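Going by my numbering, the sequence shown runs without a break in its numbering and finishes at 115. By construction, the Cβ of each residue, glycine as well, lies at the ideal position given by its N, Cα and C atoms. Computed from a prediction, not measured in an experiment: that's the story for all the values here. First the structure, in the form of structure tokens, and then the observations on it.
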Amino acid sequence: MDIKTAITHFSALAQETRLEVFRLLVKAGSDGMLAGDIADALGVRQNTMSSNLSVLSNAGLLQSQREGRFIRYSIDFENLSELLSFLMEDCCGGDPEACQAAIDKIMKCC
6 MDIKTAITHF SALAQETRLE VFRLLVKAGS DGMLAGDIAD ALGVRQNTMS SNLSVLSNAG
66 LLQSQREGRF IRYSIDFENL SELLSFLMED CCGGDPEACQ AAIDKIMKCC
């Protein structure tokens, strides 16, 4: 991942509602959630949620799939993996044991 792509991802996440959406969808896993259910879960108006989902999608953090009249959103786990790798690629100056606590914490949620 290049630095401009990482900045695009971080810019999309640098807003409270979008960060909440992202964290909710990480918890939802590969099944994702319908847009209306995301809005309801976070207590956000549907049109506001639509804008936030669009920002996250355009940044490459979300995938979407149409299901009739509805749209199901999920995390683009490949891009999330690349972002985490970008953050950790030069971790601890080549001393992997120093980064183990961070890696363990990430893996705990999986």
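The three-state reading of DSSP puts Met-6 in coil, since its state is none of H, G, I, E or B. Counting along the chain, Glu-83 sits inside the alpha helix (DSSP H) bounded by residues 82–93. No Cβ-Cβ contact shorter than 8 Å links Arg-23 with Leu-47. About 5 Å separates the Cβ atoms of Ala-64 and Thr-13, confirming a contact at the 8 Å cut-off. Assignment of Arg-23 by DSSP, reduced to helix, strand and coil, places it in the helix class. Just so you know, the alpha carbons of Ser-79 and Ala-11 end up roughly 19 Å apart. By the neighbour-count definition (other C-beta atoms within 10 Å, threshold 16), Ala-17 is a buried residue.
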